[in-house]
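Numbering (my numbering), first residue to last: 1007 to 1139.
Here is the structure we will look at, set down as structure tokens.
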Amino acid sequence: MPKIKLIPVLLLWLVAGLFGSGAHAQLRPFTAVYAAAYKGSEIGQGTLTLDVANGRYSLDLKIEPTGLLAIIPFAIHEQAQGTLDSAGVHPSRYAYTRSGLGKKRQETVVFDPSGIQREAKGTSSTLPYDANL
């Protein structure tokens, strides 16, 4: 099992790489399982899943502790969703949640032609949306 560092993976960048111009025609659903490591020690497992159906995609990452660390409540969950068409990829939503011990964090970004809305720590902000990202 390949190892990855236990840091939040910005699925938005991964989505951009997977779904580059014209690449969506070749996309196939997959699931990849990784060993999560921190400072060289294996501490958990990450599961990355891409679902593609009916012109929509969902890219999902879950990281949870394994082995003796499984008794410690901790999890990271990231999800990116959107649509696919001949013009490319159109993100609609990104969500990040870290739960369990340590700092809990929840953040959501919604992509809409009227603006990109970000919600985190009980606050909300809207940024201009450029459809030509």
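Cβ coordinates follow ideal geometry from the N, Cα and C atoms, glycine included.
Residue burial classification, residue i (beta-carbon count within 10 angstroms, cutoff 16)
i       : result
Ile1078 : exposed
Ala1059 : exposed
Leu1107 : exposed
Val1039 : exposed
Start and end residues, beta strand (DSSP E) containing residue i
i       : result
Gln1087 : Phe1080 to Asp1091
Arg1062 : Arg1062 to Pro1071
Ser1105 : Gly1094 to Gly1106
Sequence-distant residues of its chain with Cβ nearer than 6 Å to residue i (five each side left out)
i       : result
Arg1111 : Arg1104
Ser1120 : none
Phe1036 : Leu1056
Ala1101 : Gln1085 and Thr1114
Beta-carbon proximity of residue i to residue j, cut-off 8 Å
i       : j       : result
Ala1042 : Gln1032 : no
Leu1054 : Leu1074 : no
Residues of its chain near residue i, where Cβ-Cβ distance is below 8 Å and the 5 sequence neighbours each way are ignored
i       : result
Arg1099 : Gln1085, Ala1086, Gln1087, Gly1088, Thr1114, Val1115, Val1116 and Phe1117
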